[in-house]
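Structure first, commentary second.
In the working numbering, the protein residues as written are 636 to 873.
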């Protein structure tokens with residue numbers, strides 16, 4: 636048994652098909668057509684994970700994400716977005732969504748992502764840090780987001796390139812979460828700069844080198860085969 640999933644989607648056909656599919660993989664499923672029904676379901680029983688469509692009538696998914704972030708012990712959220720809707724994906728991730736899938740999607744991938752979210756929540760790894768926090772600590776490192784500099788245990792500063800800084804900033808904001816290459820492209824793209832899967836991999840490789848990490852024995856940036864990268868560290872304000 637995988638746990639309880641709450642599916643929030645205004646399309647009755649999608650709710651029914653997802654419920655049937657997830658139940659086939661051992662999930663218990665509740666379903667809601669809008670924000671009001673979602674709140675009622677949450678009041679009755681806390682799910683282990685929420686599948687939330689962003690295109691909802693009345694309160695849209697982004698408004699519901701904001702509300703969920705005000706609730707104590709909110710479950711992890713996987714957003715469903717329209718393919719190519721980059722802005723909504725980025726805003727949703729910034730508002731606290733833990734993962735996303737673009738429609739149409741492969742149902743088996745949804746199952747795998749939900750299982751990963753529940754596993755990470757069970758491990759209790761750290762959540763997002765405050766956007767306004769300048770100095771952060773992880774492992775033997777301090778990270779100054781104002782000067783874009785890493786400082787090691789010997790107080791030696793290590794400069795980061797713009798791409799390395801954006802990548803590390805994305806990782807420390809979401810420790811313990813698997814970030815796909817597509818998510819990292821969305822989170823690290825700079826105006827006028829072309830970013831693709833290969834450039835993300837190169838930036839990860841360079842950042843690993845500066846952190847003393849290696850692909851074979853990563854201590855901080857782990858490769859999750861078939862999914863992306865995970866920043867495996869507790870991040871705290873200095």
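Each residue gets a CB set at the ideal place from its N, CA and C atoms; glycine is no exception.
Figure out for me which residue from 811, 742, 844 and 662 has the closest Cα to the Cα of residue 867. Translated into the one-based positions of the chain shown, residue 867 becomes position 232. Nearest C-alpha to residue 867: 811.
Between the alpha carbons of residue 727 and residue 667, how many angstroms are there, rounded? As a working note, residue 727 is residue 92 in the chain shown. As a working note, residue 667 is residue 32 in the chain shown. Taking the straight line from one Cα to the other gives about 19 Å.
Could you tell me which of 795, 855, 714 and 790 sits nearest to residue 690, measuring between CA atoms? What you label residue 690 is simply residue 55 of the chain shown in a count that begins at 1. Taking only the C-alpha atoms, the option nearest residue 690 is 714.
Taking only runs of the alpha helix (DSSP H) that begin and end inside the stretch 751-817, which ones reach a length of at least 4 residues, in chain order? 797-808
Taking C-beta to C-beta, are residue 807 and residue 773 nearer than 8 Å? Here residue 807 refers to the residue found at position 172 of the chain shown. Here residue 773 refers to the residue found at position 138 of the chain shown. Yes, the Cβ-Cβ distance between residue 807 and residue 773 is below 8 Å.
Assign residue 673 to one of three DSSP states: helix, strand, or coil. Taking the chain shown and counting its residues from 1, the one referred to as residue 673 is at position 38. Residue state, collapsed to three classes: helix.
Would you call the stretch 728-737 in contact with the stretch 636-646, where contact means no fewer than 3 C-beta pairs closer than 8 Å? no
Pair every Cβ in the stretch 734-750 with every Cβ in the stretch 695-713, then say whether three or more of these pairs are closer than 8 Å. yes
Roughly how many angstroms lie between the CA atoms of residue 839 and residue 679, to the nearest whole one? As a first step, residue 839 must be located in the chain shown, where it is residue number 204. As a first step, residue 679 must be located in the chain shown, where it is residue number 44. So the alpha carbons of these two residues sit roughly 43 Å apart.
For residue 650 and residue 754, I'd like the C-alpha separation in whole angstroms. Here residue 650 refers to the residue found at position 15 when the chain shown is read from its first residue. Here residue 754 refers to the residue found at position 119 when the chain shown is read from its first residue. For residue 650 and residue 754, the distance between alpha carbons rounds to 24 Å.
May I ask you to report which of helix, strand or coil DSSP gives residue 849? Position 214 of the chain shown holds residue 849. Reduced to three states, the DSSP call for residue 849 is coil.
According to DSSP, is residue 642 helix, strand or coil? Taking the chain shown and counting its residues from 1, the one referred to as residue 642 is at position 7. If DSSP states are grouped into helix, strand and coil, residue 642 belongs with the strands.
Within the continuous beta strand (DSSP E) that includes residue 737, where are the two ends? The residue you call residue 737 lines up with position 102 of the chain shown. Counting along the chain, the beta strand (DSSP E) containing residue 737 begins and ends at 734-738.
Opposite residue 863 in the DSSP bridges: which residues? Here residue 863 refers to the residue found at position 228 when the chain shown is read from its first residue. According to DSSP, which records beta bridges pairwise, residue 863 is partnered with 859.
Three-state secondary structure (DSSP) at residue 838? On the chain shown, residue 838 is found 203 positions in, with the first residue counted as 1. Correct three-state label for residue 838: helix.
From the DSSP output, which residues share a beta bridge with residue 667? Against the chain shown, residue 667 aligns to sequence position 32. Bridge partners of residue 667: 643.
Specify whether the stretch 771-791 and the stretch 817-826 touch according to this definition: at least 3 beta carbon pairs, one from each stretch, less than 8 Å apart. no
Assuming residue 717 is part of the beta strand (DSSP E), what are its boundary residues? Reading the chain shown from its first residue, position 82 is the one you call residue 717. Run containing residue 717: 712-717, per the beta strand (DSSP E) assignment.
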